[in-house]
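Colleague:
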Amino acid sequence: MRIAVGYFYQESTTFNPFLMDRSAFTLLEGEAGKERISATKVLEGLGAEVVPTIFASAISGGCVTKEAYLFFSDKIIDVLRRERVDGVWLHLHGSMEVVDVGSAEADLLRRIREVIPKEVPIAMVADLHANLHDDVPKLANIIRSYRTAPHVDQEECERVTAELLVGCIERKAVVTPVFKRVRMITPGEKSTTDTEPIKSILEKVRGYEKLEGIMQVNYLNGHAWTDRPNTSAAVLVVPESDEYRKLAQKVADELADYAFSRREEFVFHQLALGPDEALDRALAEEGKPVFVTDSGDNTTGGAPGINTLLLRKLMEKDLKGKKAVVAAILDKGAYEKLACHEVGERVSVMVGVNYDSDSAPARVEGTLKAKGDLMGYYSSKNDVTGQVCTVSMGDIDVVVANGGDSFTTVNHFTRAGLDISGYDVAIVKQGYLFAELTAIASLHIMALTPGACNLMIEDMEFHNLLRPMYPLDK
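With the numbering used here, letter number 328 in the sequence shown gets 356, and the count goes up by one each step, no holes.
#1: List the endpoints of the continuous alpha helix (DSSP H) containing E184.
#2: Which residues does DSSP pair with D401 in a beta bridge?
#3: Looking at the strands, I want to know which residues DSSP matches up with H472.
#4: Under three-state DSSP, which class holds S66?
#5: Would you say the region 468-483 touches the region 294-301, given that touching needs at least three Cβ pairs under 8 angstroms?
#6: For a test of the three-state rule: what should DSSP assign to R273, helix, strand or coil?
#7: Under a three-way DSSP split, which group does R391 fall into?
#8: Would you grab the beta carbon distance between S88 and T437 for me? Rounded to a whole angstrom, and I think it's under 8 angstroms.
#9: State buried or exposed for M484, treating a residue as buried only when at least 16 other CB atoms are found within 10 Å of its CB.
#10: Can you tell me whether K345 is helix, strand or coil according to DSSP?
#11: Kindly list the residues whose CB is nearer than 7 angstroms to the CB of K232, restricted to its own chain and excluding five residues on each side of it in sequence; keep chain order.
#12: Identify every run of the beta strand (DSSP E) within the region 44-93, keeping only runs that are complete inside it and at least 3 residues long; order them along the chain.
#13: Around the Cβ of N382, are there at least 16 other Cβ atoms within 10 angstroms (buried) or fewer (exposed)?
#14: Name the two residues that bound the continuous beta strand (DSSP E) containing P267.
#15: Rounded C-beta distance between L396 and V379? I'm assuming under 8 angstroms.
#16: Would you report the Cα separation of L311 and R340, rounded to the nearest angstrom?
#17: In terms of residues, what are the limits of the beta strand (DSSP E) holding A312?
#18: Could you tell me which residues DSSP pairs with L98 in its beta bridges?
#19: Give me the Cα-Cα distance between E59 and K103, rounded to the nearest whole angstrom.
#20: Three or more C-beta pairs closer than 8 angstroms, one from the region 70-82 and one from the region 351-369: is that the case here?
#21: Below 6 angstroms CB to CB, which residues in the same chain sit around A96 once its five sequence neighbours on both sides are set aside?
#22: Check whether the Cβ atoms of L56 and F83 sit closer than 7 angstroms, and answer yes or no.
#23: Work out the CA separation of G431 and M29 for me, nearest whole Å.
#24: Spatial neighbours of S260 within its chain, please: CB distance less than 8 angstroms, with the 5 preceding and 5 following residues excluded, ordered by chain position.
#25: Taking the alpha carbon of V265 as the reference point, which residue from A168, M124, E313 and E370 has its own alpha carbon closest?
#26: Check this for me: beta carbons of W117 and L193, under 7 angstroms apart or not?
#27: Less than 7 angstroms between C-beta atoms, sequence neighbours within five positions excluded: which residues of the same chain meet that for N44?
#28: Would you please state the rounded distance, in angstroms, between the beta carbons of D5 and E39? I believe it to be under 8 angstroms.
#29: If we call anything under 7 angstroms between Cβ atoms a contact, is I31 one with G115?
#30: Compute the beta-carbon to beta-carbon distance between V148 and V78, rounded to the nearest angstrom, for a pair I have assumed lies under 8 angstroms.
#31: Using DSSP with H/G/I as helix, E/B as strand and the rest coil, what is G330?
#32: Report the three-state DSSP secondary structure of R495 (helix, strand or coil).
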């Protein structure tokens, strides 16, 4: 039994004007790529020969250039043309959008089906925030989405799909999922999976999976900041065989109706305040560290990470002896100027690319405190994706990066040359706070800031969504 494996992951935000090219991705091929995928060991443990394609991962951002998409997808297709396989296993996001192509996942699966017969099953892991194109469940057979946000169950999803794929190959079963859209879009910050109503929705998912004839049930929350017809929540049910297709349709209808019936319950469960109020509340907290997330410029949701709004507001405040860090602001020009200096030197630089008023430049003067690495995202969190310089202005440290990313782990601070335990307040480019930082936070405050990931989605201009769509149409 020979199974091809591939990992091609990026989440696109159409409100981010900056495109993602090849340089934005961490790429591993051959044995190195295969070893990065946890499903590999599962498949090999079940007796399969694993045929590697690629491991390519990037942080969320703008749409992917067609050149970059074709560069990576061609590598997958080339392997499948060359190798005979009994199955294909893929880890894709589900919300990657490509210039002049559209849904990357749908296009990739179409191209795969051109080179492998329909009798060869395809298994796919998708993100909870996938905006699946209608063609995806017509082309892939086994699909499982994450069930946690913040996401901590990727390895579990890889294990389950690998086991199911082997089972389908052994019994020569080729199944077709049932797919149903739910006409609502909900920011992930209103649907962390330890809160209602998504907690109860996912409990129903697990309950339905106990039914005879049901292989997998998925509730996809969708990615709110992609202005495309495939942007919405959705339900996807995989039957054990076509014999159970009517049951799968019944499950999909019931779960979709249940989720939509609870649409008004998707609200903020964490402390969410305006920019000034968020900073004031953080500075008033006795415990440390307090994390303030710059939600509108959330790079884990696809914003570019260029906004200086919270930095400028923080510089106007009396920190009363407290120490704060802003990690990090993307400004390649400012980074290059700082990189010319040695640690310990006095520096003065304007930080802010001035794309709009939210990214207006701020004068940052002080001592170059540290130089370090910018680390990657999720499966690439131990990969170096860029560099950073930190300027200490006394009570405020400002991390300036030459790439877009988010400080989602303690190691991100460590590799930047910083000790997170030394700060009372840390401002990071996230919406909901990632799990490792939540574990050490005295308090998390979500600042409701403007930007490409503005949580007030009712205020954003959408032109390509299916309508009606809640909450835009009530």
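Where a beta carbon is used, it is the ideal one built from N, C-alpha and C, also for glycine.
Quantities reported herein were computed from a predicted structural model and do not represent experimental measurements.
Modeller: Judging by the given coordinates:
#1: Q182 to E198
#2: Q415
#3: F319
#4: coil
#5: yes
#6: helix
#7: strand
#8: Not confirmed; about 16 angstroms, so no contact.
#9: exposed
#10: coil
#11: L283 and Y286
#12: 54-57 and 77-85
#13: exposed
#14: A261 to P267
#15: So it is not a contact: roughly 13 angstroms between Cβ atoms.
#16: 15 angstroms
#17: A312 -> not in any beta strand (DSSP E); alpha helix (DSSP H) instead, spanning P303 to A312.
#18: The partner list for L98 (beta bridge, DSSP) is empty, contrary to what the question assumes.
#19: 14 angstroms
#20: no
#21: D49 and R50
#22: yes
#23: 41 angstroms
#24: N159, R209, V210, R211, M212, I213, G250, L493, L494 and M497
#25: A168
#26: yes
#27: G89, G90, G330, A331, P332 and A480
#28: The first residue shown for the chain is 29 and the last is 502, placing residue 5 beyond what the model contains.
#29: yes
#30: That pair is no contact at about 15 angstroms.
#31: coil
#32: coil
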